[in-house]
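Chains as they are written, first to last, in the numbering used here: chain A, 5 to 545; chain B, 5 to 545.
Following: one structure in structure tokens, then a few remarks.
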């Protein structure tokens, strides 16, 4: 159960860099992402994935599944770790969410501004008390920042304040400052002094209140069977529910993982930043079960494996970072947690959450064991034998070979991964007719190659069609016969197709065609019979 | 919008054939399908897909997507038809479901039995009035059968009745009978005479009532934004919502299709027959848009393409059939509809619905045009040019080149396809240790091959591991080193792996291994370096 994802809003990115407005417009224009129910004026927090967006999402989904379930990474012993797949229902018995703590606890304290009607997570709003040394008094500000950036941002704010004063009345009146943070939900914080982070009105923030994020529904059609149910806010609990089933039926041995990809729902107060925070989204979660004393090493293992995976999508290393959670950010049951963060256009130069890797201890299985009355202990026969061979005494063997497994959870958003690849790929380039191009890794690109007859006659369409029919069994190719070649290149640049193959007059005589490389716009000729190998090398490389 | 799927319950299948109880037990035992929330006593109508079930479902999903979107069939002109993918949200603006008719109409008339508390779809319950000729009076019975089987079943019932009488008092008193059907919701039907189809109590059926099948929820966290929403009961409407977006952004031309795979929800009164009718299920739907005058030919095209697709999953032709809907079964907007039916163990010797292919006319786009106020007409430029060239007069050109497209909809259930492949594969075989095996087509099997070292020493595990690592990038292989080889074969028989490769003492000297074929249990030796080609040929073949 990762917390509702958070971002670190920071000063607007350099206007020269990627703009979210441009990215959102491209997504609509080229069929990556459409607002849901657009013909009915939309619906806040819901998005539909168009033909290219669906292909991109499927590519990420399949790559995660392949590298997590079908061909998982090698463990410390050099053998592949063991992970099995699962696909559990979105609607489960509601006791699930009582046990997991979501019914009671999956709520955020909300605070409303009575002036501008903005709503914030109360635990994200912090009063900032600035004491100026060398001059009178105290100044209260506020921030909705969390994490490492908040302090630095505040310092920049103070620095600007001092500079401004300095320009007017040199030498500066304020020679130093002291900054302290005060959570809004701390009774000692003078709420009347805190300005609304949005409209800056002082004293307009109301009393914080709890708000549950789960969507509710009702199942059962026959009287007596009717019950209130919830749309899952995470896929993880479906995995814990099936821990016993998997252990009993799949011959798995500790340590092992259960992974699933699927939709989750959270009735977010402020869905925002395009598909970054939506109310319906898709997750890729894996629960890794292991002996308690081995959990720290597996936490470390998955932390680094997950970063390698993100890099394998073609994301620049400088756009990714780890952020270890501070102790006070951790859920009470969580022992360690680290986020993989990405530098989104709307957080730059700061970073925002992309994936959380959490050491959840035995919290979840213990909770489900208590609430269900089913034993969720694991008897570790291999460990028992090993300890016996070491001559360890019986009491200790018993204690150490029968345990509730600890859990390491790498939890990421598939739809958020789509956003990251869209942001990462978007590359302004004024020299091109399209003004930009989408620099997807060839393995992730929704279209791997365009196939064009230079003109729609003289036998070229037939050769193109033939090539297309051969390639379409293995690669995401698109045949495009319309308009001049420049326009067709421009369309492929917007779609992010890394290659275009053009059949021209020479093709018919020498059986070669032109490959145009998206990123460099360079062209080369290769043999018609070489095209399949060319693609295989670039897609797998 | 296919109707809620229906089955034709018929006399129990021959006990010697496949039993649903056995199939359900295998699914649990081998991790194909688990009851959802099992540790909490389950939840009626919801299922989780275990490791093997998820793999099987993904294989079907990917095969449908490949043959529908990525490499669609060739059209009548010999070129591939054009279909694009989509992935729309489960929750849409509620106006969607007003326009589609689901808010007002997606309800079934239900009738309860006040004795046994059974609930039926009132339109499925029919009184059967039997008039005996040659003897006194009238006899009332009832059926919940629909479709072609009902009449035959009733005739069998009557025949048995006559035979029974005949034995007692020959010659028979009843020389002939006349059978008429009377819908329960027809006021002329004497409800008091009709026995409950379940408990057979006469006169216990209550007044039919309407019951909407959509799950409801509420979205929006800020006052003023809150609205009642629905979980989609079908993926189709998400496609109609995006018809305009796709036309505007994807350069598609009539005719073309939009396809999507995703979850849908229906609060079924009586979820039953394992995963056949569940409340949360997955659909594979395609909406094919075409000019109205070409719709009948496309209806025919897709009808046959879809049957070919089902056969490509390895389903025996004799287990599949078409059933054209009678005129009185059609929704008022539907012009033609045909079901692809499968002979499920619980319908045998009858058949039950697997996929519906419907000619929906312009109903959906017209409804959404009216409710949204957005023009959903299509201007067919190619047709305009063609008609101009034919010298057709302007008025007619205008009428025929600007139209609301007609829709042909092949709509099938992904989770129902899983059930069909499970039923089709289940093969009792008393001669095997497992007592049965799962005869999946190699392309669909969750595990393509097991890889076994004959014994876990003498260098065999290393060769097996090496082979496994090479093959896992391309095939669903599983390494199994534990227990004797017979038990390992038995496990693979239950999982339905078509091949097992055994590394034995000879492998180290002559670089060959044993292939064991699941269906024949025959074994042959092939070269280690031949294994990849062997699998490629069988999986693609």
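C-beta atoms are modelled at their ideal positions from N, C-alpha and C, and glycine is treated no differently.
Cβ shell of residue i (< 7 angstroms), same chain only, five flanking positions each side left out
i, result
"residue 445 of chain A", "317 and 318"
"residue 233 of chain B", "95, 98, 221, 222 and 223"
"residue 499 of chain B", "34, 56, 442, 450 and 451"
"residue 283 of chain A", "49, 50, 269, 270, 271, 272 and 275"
Residue i, enclosing beta strand (DSSP E) - first and last residue
i, result
"residue 116 of chain A", "111 to 116"
"residue 355 of chain A", "Run containing residue 355 of chain A: none; DSSP gives neither H nor E here."
"residue 414 of chain B", "410 to 417"
"residue 253 of chain A", "Note, residue 253 of chain A: premise wrong, no beta strand (DSSP E); alpha helix (DSSP H) at 247 to 253."
"residue 213 of chain A", "213 to 216"
"residue 266 of chain B", "260 to 269"
"residue 39 of chain A", "37 to 39"
"residue 338 of chain A", "Residue 338 of chain A -> no beta strand (DSSP E), and no H or E assigned at all."
Chain B contact for residue i (CB, 7 angstroms cutoff)
i, result
"residue 493 of chain A", "no"
"residue 537 of chain A", "no"
"residue 43 of chain A", "yes"
"residue 408 of chain A", "no"
"residue 35 of chain A", "yes"
"residue 53 of chain A", "yes"
"residue 99 of chain A", "yes"
"residue 91 of chain A", "yes"
"residue 63 of chain A", "no"
"residue 88 of chain A", "yes"
"residue 394 of chain A", "no"
"residue 378 of chain A", "yes"
"residue 192 of chain A", "no"
Where residue i sits in the DSSP three-state scheme
i, result
"residue 482 of chain A", "strand"
"residue 78 of chain A", "strand"
"residue 328 of chain B", "strand"
"residue 65 of chain A", "helix"
"residue 24 of chain B", "helix"
"residue 151 of chain A", "Reliability of the predicted coordinates at residue 151 of chain A is poor, the pLDDT of 40 falling under 50, and no value is obtained from them."
"residue 124 of chain A", "strand"
"residue 10 of chain A", "Bear in mind that the predicted position of residue 10 of chain A carries a pLDDT of just 38, short of 50, making it unreliable; the figure below should be weighed with that in mind. The answer is coil: DSSP assigns residue 10 of chain A none of H, G, I, E or B."
"residue 393 of chain B", "helix"
"residue 490 of chain A", "helix"
"residue 362 of chain A", "strand"
Residue-chain proximity (residue i, chain A), Cβ-Cβ < 7 angstroms
i, result
"residue 253 of chain B", "yes"
"residue 284 of chain B", "yes"
"residue 96 of chain B", "yes"
"residue 58 of chain B", "yes"
"residue 38 of chain B", "yes"
"residue 271 of chain B", "yes"
"residue 47 of chain B", "yes"
"residue 50 of chain B", "yes"
"residue 202 of chain B", "no"
"residue 126 of chain B", "no"
"residue 499 of chain B", "no"
Neighbourhood of residue i by C-beta distance below 6 angstroms, restricted to the same chain and skipping five residues each side
i, result
"residue 479 of chain A", "452 and 539"
"residue 116 of chain A", "123 and 210"
Endpoints, the alpha helix (DSSP H) within which residue i is located
i, result
"residue 470 of chain B", "464 to 475"
"residue 509 of chain A", "509 to 514"
Close Cβ partners of residue i (< 8 angstroms) along its chain, the five nearest in sequence each way excluded
i, result
"residue 311 of chain B", "324, 326 and 344"
"residue 383 of chain B", "405 and 406"
beta-carbon residue i near the ligand GTP non-hydrogen atom, thresh 6 angstroms
i, result
"residue 391 of chain B", "Only the bare structure without any ligand can be found here, which leaves the ligand GTP out of the picture."
Next item on the list: Identify each residue in the segment 350 to 376 of chain B for which the Cβ-Cβ distance to at least one residue of chain A is less than 8 angstroms, and report them in chain order.
Entry: 372, 375 and 376
Check: Along the segment 208 to 223 of chain A, what residues have a CB closer than 9 angstroms to any CB found in chain B?
Finding: 215, 217, 219, 220, 221, 222 and 223
Check: For the segment 233 to 251 of chain B, which residues have a CB atom closer than 8 angstroms to at least one CB atom of chain A, in sequence order?
Finding: 233, 235, 242, 245, 246, 248, 249 and 250
Next item on the list: Could you run through the segment 467 to 494 of chain B and flag, in chain order, every residue whose CB is less than 8 angstroms away from some CB of chain A?
Entry: Hits within the stretch, in order: 469, 473, 476, 477, 480 and 486.
Note to self: If the cut-off is 9 angstroms on Cβ atoms, which residues from the segment 311 to 322 of chain A count as contacting chain B, listed in chain order?
What the structure shows: none
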